[in-house]
Ligand code: SF4
Ligand code: SF4
């Protein structure tokens with residue numbers, strides 16, 4: 066027992082100072098993409114053709130963050146002359162159209178539904194539904210419950226039953242086999258309820274886009290309130306989205 070107490074004392078306070086203080090992610094992290102509108106057209110063409118997700122709109126020079134898996138190929142191919150990835154992890158949006166970006170994003174808090182802030186600002190209970198995700202999105206949501214992120218300090222918790230939840234957080238491309246379970250979980254959540262799509266799969270089908278076995282995005286099945294891009298989204302992207310949309 067003494068050993069445990071000593072260990073605990075030595076460890077000290079391990080919870081992240083975010084959001085009270087800023088946090089800088091390592092250089093290799095790929096966050097909000099920025100597009101250089103003056104990039105040579107041959108570089109733009111090469112990036113468009115190489116993108117595994119058809120996420121680059123070469124005409125309007127935009128990146129669809131709903132499709133993008135943040136592989137970094139476009140940055141590598143263009144040597145940063147067309148696309149660069151910043152370390153900004155606050156990339157979630159409330160309107161699907163805002164996923165198509167040249168680097169500018171609207172302030173998330175400004176697009177939050179007012180009654181959501183009033184109802185859920187101090188207590189938000191969420192049920193996670195993995196609708197055929199690969200488990201990476203799920204793992205980076207789970208980690209929010211660890212002492213470092215300590216999601217519960219903001220009054221946000223993941224709960225076991227949809228009947229105890231205020232909304233659902235969906236990961237995965239919603240396979241045909243998961244569709245009924247997802248809809249039944251959604252129906253079990255009492256209204257008013259929120260729907261949060263996490264990860265490229267839930268936003269657009271992700272790497273599985275185009276397969277007849279998956280949906281073209283959660284919003285083709287349910288009304289989505291919050292879109293969180295990434296493959297998987299960084300835990301701080303998830304945290305930033307929840308805090309800015311509901312608090
Ligand atoms: S980072 Fe995104 S936009 Fe760039 S090539 Fe990869 S999937 Fe396409
Ligand atoms: S978005 Fe990427 S990390 Fe998340 S479930 Fe799909 S493939 Fe996995």
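In this note's numbering, the protein residues as written are 66 to 312. Note that CB positions come from ideal geometry on N, CA and C, so glycine has one too.
Per-residue DSSP class, three states only, for residue 249: Three-state result, residue 249: helix.
Hey, would you say the C-beta of residue 137 is under 8 Å away from at least one heavy atom of ligand 1? Yes.
DSSP-derived helix/strand/coil call for residue 239: Look at residue 239 here: in three-state DSSP terms it is coil, with no helix or strand label.
For ligand 1, any of its heavy atoms closer than 8 Å to the Cβ of residue 98? Yes - ligand 1 has a heavy atom lying nearer than 8 Å to the Cβ of residue 98.
What residues in its chain sit with their C-beta under 6 Å from that of residue 197, if we drop five residues either side in the sequence? Around residue 197: 237, 238, 240, 243.
Does any C-beta atom of chain D lie closer than 9 Å to the C-beta of residue 177? Included in the structure is just one protein chain, with no chain D present.
What are the start and end residues of each continuous beta strand (DSSP E) run of 3 or more residues lying completely inside the region 142–192, in chain order? Contiguous beta strand (DSSP E) elements confined to the region 142–192 occur at 148–150, taking only those with 3 or more residues.
Which residues mark the beginning and the end of the beta strand (DSSP E) in which residue 113 is found? Note, residue 113: premise wrong, no beta strand (DSSP E); alpha helix (DSSP H) at 106–115.
Where residue 107 and residue 138 are concerned, what is the direct C-alpha to C-alpha distance, given to the nearest angstrom? Roughly 15 Å between the two C-alpha positions.
CA-to-CA distance, residue 268 to residue 143, given in whole angstroms: Looking at the two C-alpha atoms, the distance is approximately 26 Å.
Pairs of beta-carbons, one from the region 170–178 and one from the region 106–124, closer than 8 Å: are there three or more? Proximity of the region 170–178 to the region 106–124 falls short of the contact definition, fewer than three beta-carbon pairs being nearer than 8 Å.
Within its chain, find whatever has a CB closer than 6 Å to the CB of residue 220; leave out the 5 residues flanking it on each side and keep chain order. Counting only Cβ-Cβ distances below 6 Å, and skipping sequence neighbours, we find 187, 188.
N- and C-terminal bounds of the alpha helix (DSSP H) containing residue 67: 67–76 is the span of the alpha helix (DSSP H), which, as asked, contains residue 67.
Considering only the alpha carbon of each residue, which of 165, 157, 168 lies closest to residue 176? The alpha carbon of residue 176 has as its nearest neighbour, out of 165, 157, 168, the alpha carbon of 157.
By the three-class DSSP mapping on this structure, what secondary structure does residue 220 have? For residue 220, the secondary structure class from DSSP, reduced to helix, strand or coil, is coil.
What I want to know is whether the C-beta of residue 265 ends up closer than 8 Å to one or more non-hydrogen atoms of ligand 2. Proximity of the beta carbon of residue 265 to ligand 2 is indicated: a heavy atom of the ligand is located closer than 8 Å.
Tell me whether residue 207 counts as near ligand 2, meaning its Cβ is closer than 8 Å to at least one heavy atom of that ligand. Flag unset: Cβ of residue 207 not near ligand 2.
Local conformation of residue 273 per DSSP, three classes: The answer is helix: DSSP assigns residue 273 an H, G or I state.
Quick one: is the Cβ of residue 201 within less than 8 Å of any heavy atom of ligand 1? Residue 201: no, Cβ never under 8 Å from ligand 1.
How is residue 99 classed by DSSP in three states: helix, strand or coil? When secondary structure is reduced to three states using DSSP, residue 99 falls in the strand class.
Assign residue 69 to buried or exposed, taking buried as 16 or more other Cβ atoms, counted over all protein chains shown, within 10 Å of its Cβ. Its Cβ having fewer than 16 others within 10 Å, residue 69 is exposed.
Are the beta-carbon atoms of residue 293 and residue 309 separated by less than 9 Å? Not a contact, by the Cβ cut-off of 9 Å.
Cβ neighbour criterion (16 or more within 10 Å) applied to residue 66: With fewer than 16 Cβ atoms within 10 Å of its Cβ, residue 66 is classed as exposed.
I'd like the list of long-range same chain contacts for residue 168, defined as Cβ closer than 6 Å, with 5 residues on each side in sequence excluded. Annotation for residue 168: 99, 100 place their beta carbon closer than 6 Å to its own, counting only its chain and skipping 5 residues before and after.
Alpha-carbon spacing of residue 261 relative to residue 282, whole angstroms: Going by the C-alpha atoms only, they are around 12 Å apart.
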